[in-house]
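Read the structure below first, then the notes.
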Amino acid sequence: MKRNGILNRHLAGALAGLGHGDGVLVCDVGMPIPDGPRVVDLAFRAGVPTFAEVLEGLLAELVVEGATAAAEVREANQEAAQLLEGHFPSLELVSHERLKELSAGARLVVRTGEARPYANVLLRCGVFF
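Here the numbering used here is used: position 79 in the sequence shown is 79, and no number is missing along the way.
Structural data, given as structure tokens:
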């Protein structure tokens, strides 16, 4: 058994298979999940685990070169907006409808238990060198 980092075997395995440019959608329980990408559903109950907890854990494991979120997050979920803008100074904001379209190209979807609106982000994987 792993001592540190992500213990969920499905998530750890999915992260290990990602490459440069691959998309990872981290989403709340309300985000429609597209057909196609591998899905790791971490939702236990409403609010558990939180979007922030999952994002922090993923960022400890991944190199991220870019992130995209829904512009609506700024008004509808200021806490999530501050979290995202704190981690990603060059955060790209698009309409929620456009984010849903872009998420269809993700290689991995990680569903959190977050039950507040627009707690979603599409991460673009980078490389460590």
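Where is the CB? At the ideal position from N, CA and C, for every residue including glycine.
Distance between residue j and residue i (C-alpha atoms, nearest Å)
| i | j | result |
| --- | --- | --- |
| G36 | R107 | 8 Å |
| G113 | A119 | 10 Å |
| E139 | A80 | Absent from the model: residue 139. The displayed extent of the chain is 1 to 129, so no value can be given. |
| R111 | G21 | 20 Å |
| L84 | A115 | 17 Å |
| E56 | E97 | 25 Å |
| L18 | L58 | 12 Å |
Neighbourhood of residue i by C-beta distance below 6 Å, restricted to the same chain and skipping five residues each side
| i | result |
| --- | --- |
| A162 | Since the first and last residues shown for the chain are 1 and 129, residue 162 lies out of range. |
| P117 | A76, N77 |
| P136 | With the chain covering only 1 through 129, there is no way to say anything about residue 136. |
| T50 | E114 |
| E65 | R124, G126 |
Residue j beta carbon less than 7 Å from that of residue i
| i | j | result |
| --- | --- | --- |
| L11 | V40 | yes |
| V26 | V48 | no |
| V63 | G5 | no |
| R38 | A14 | yes |
beta-carbon residue i near the ligand NAP non-hydrogen atom, thresh 6 Å
| i | result |
| --- | --- |
| N4 | Ligands are entirely absent from the displayed structure, and the ligand NAP is therefore not among its contents. |
Buried versus exposed, by CB contacts within 10 Å (16 or more), residue i
| i | result |
| --- | --- |
| A16 | exposed |
| A46 | exposed |
| G23 | buried |
Residues near residue i in its chain [Cβ-Cβ closer than 7 Å; skip 5 each side]
| i | result |
| --- | --- |
| P32 | K100 |
| A52 | L83 |
Cβ-based neighbour list, residue i, same chain, cut-off 8 Å, excluding 5 preceding and 5 following
| i | result |
| --- | --- |
| S95 | A70, A71, E72 |
| R131 | Only positions 1 to 129 of the chain appear in this structure, which leaves residue 131 out of reach. |
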